[in-house]
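**Student:** Residue 280 in our numbering is what sits at position 298 of the first sequence, and the numbering runs on without skipping anything. Virtual Cβ for every residue (Gly too), placed ideally from N, Cα, C. Shown below is the structure under consideration.
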Amino acid sequence: MAGSSDQSIRVICGPTAAGKTHAATWFAGMADVSVVSADSRQLYRGFDVGTAKPTAAESLAAPHFGIDVLAPTERGSSAWWADRADAWIDDIVAQGRTPVVVGGTGLYLRALFGESFEEPPLDGARREAIRALTAPWATTELRRWVDALDPARAHLGRTQLLRAVEVALLTGRRLSSLHRELARPPRRRARYLVVDPGPSLAHAIQQRATTMMSGGWPEEVRRLMDEVPGDAPAWNATGYRMVRAMVRGEVTPRHAVEQVVIETRQYAKRQRTWFRHQLGGEDVTRCSGNEPDWAERASAWWREGDA
RNA sequence: GGCGCCGUGGCCAAGUGGUAAGGCGGCAGACUGCAAAUCUGCUAUUCGUCGGUUCGAUUCCGACCGGCGCCU
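Okay, structure coming up:
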């Protein structure tokens, strides 16, 4: 483990359905790879088909961390994940294996490889009280509050507004100030390989959706509906609500697939925007995964990591 | 063949004699402890076609084309 913490970690990221897991499996042929999944949905036990968890063969090719580590009712967070990922990487290195972080949850990657901050202790009970208070507020109203409490964050989405209010009320400080004052440097350095097949991704998404539908997704959802409360965080994954509506007979299978494909495409688009602008570091290699010299370029990216 | 209704951006859809709501989709962007989440911006010089009335028509009139319905 000694001397390993300043080593850059290889990270394979990109939009959903771009073949990141395939790429990781391919690299397993070049070293004893262990994969750390940076995917906020594959965390959840039981949500398998719709989150495209690694297949048995892929799990066999390389041990995976970060999969099935939460109950569907538990709530994760980027910082929570980064703590664990940091430890998993240590373990993997200690075993003499090569860690590869694979995933599409940009915020999680940032928590591990980008700047973060030391969150001051927040009182649990008061936190719950504030959540209960703000939950019914309309987003526009929430935004008015943040405009006063922490204007630098007022342009963001509801999730971020709730957080800004919570931190302001609990600490008496602006979250945007705390980010600055309590900033800590990145814990790890990353060497990114951004995999994106370009225009053909739309087709891959379509293909994957129909494969999932005929591959046991509705059955999985039917099972989960009996075991998991309808408001559990795990349901918050692309397509699951739509498939649930289909299983209940509220929408036709045809409509369900159509919508799942659209939702997935929209998600992939947001991921592209993230990986285009938010990766921060300069160590970014982009490849399409279906260009003729893909293997060559990918190998080069891999080998440069040993230098 | 006759009568009636309709024809607005990729799709759905409001609308008025004074110069085109909204939704979906698409595109672009934001994002530091809910992120497969949550938000923001942009997206019709033009209302089936051609003529007419009018200072001015997407809105009124006529013809034609296309769709739907009813009747013979």
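I'd like to check one pair, Gln188 with Gly(-4): are the Cβ atoms closer than 9 Å?
**Tutor:** no
**Student:** Apply the 10 Å Cβ neighbour rule to Arg166 and answer buried if 16 or more other Cβ atoms are within range, or exposed otherwise.
**Tutor:** exposed
**Student:** If I'm right that Gly48 touches Val18 with Cβ under 8 Å, what's the distance once you round it to whole angstroms?
**Tutor:** 5 Å
**Student:** Considering only the alpha carbon of each residue, which of Pro81, Ala5, Asp50, Glu101 lies closest to Arg155?
**Tutor:** Taking only the C-alpha atoms, the option nearest Arg155 is Glu101.
**Student:** Verify whether the separation of the beta carbon atoms of Gly96 and Pro36 is less than 9 Å.
**Tutor:** no
**Student:** For Ser98, count neighbouring Cβ atoms within 10 angstroms of its own Cβ and tell me buried if that reaches 16, exposed if not.
**Tutor:** Ser98 comes out buried.
**Student:** What is the DSSP secondary structure of Pro39, reduced to helix, strand or coil?
**Tutor:** In the sequence under discussion, the amino acid at residue 39 is Ala, which differs from the Pro named in the question. The DSSP-derived three-state label of Ala39 is helix.
**Student:** What separation, rounded to the nearest whole angstrom, lies between the Cα atoms of Tyr174 and Glu232?
**Tutor:** Taking the straight line joining both Cα atoms gives about 42 Å.
**Student:** I'd like to know if the stretch 222 to 240 and the stretch 145 to 152 are in contact, where contact means that at least 3 CB-CB pairs between them fall below 8 Å.
**Tutor:** In short, these stretches do not touch, since the Cβ pair count stays below three.
**Student:** Keeping to the same chain, check which residues put their C-beta closer than 6 Å to that of Thr7; ignore five residues upstream and five downstream.
**Tutor:** Glu40, Ala43
**Student:** Taking C-beta to C-beta, are Gly221 and Gly32 nearer than 9 Å?
**Tutor:** yes
**Student:** So, at 6 Å on beta carbons, what are the nonlocal neighbours of Trp119 in its own chain, with the 5 sequence-adjacent residues on each side left out?
**Tutor:** none
**Student:** In this structure, how does DSSP classify Ala5 when only helix, strand and coil are distinguished?
**Tutor:** helix
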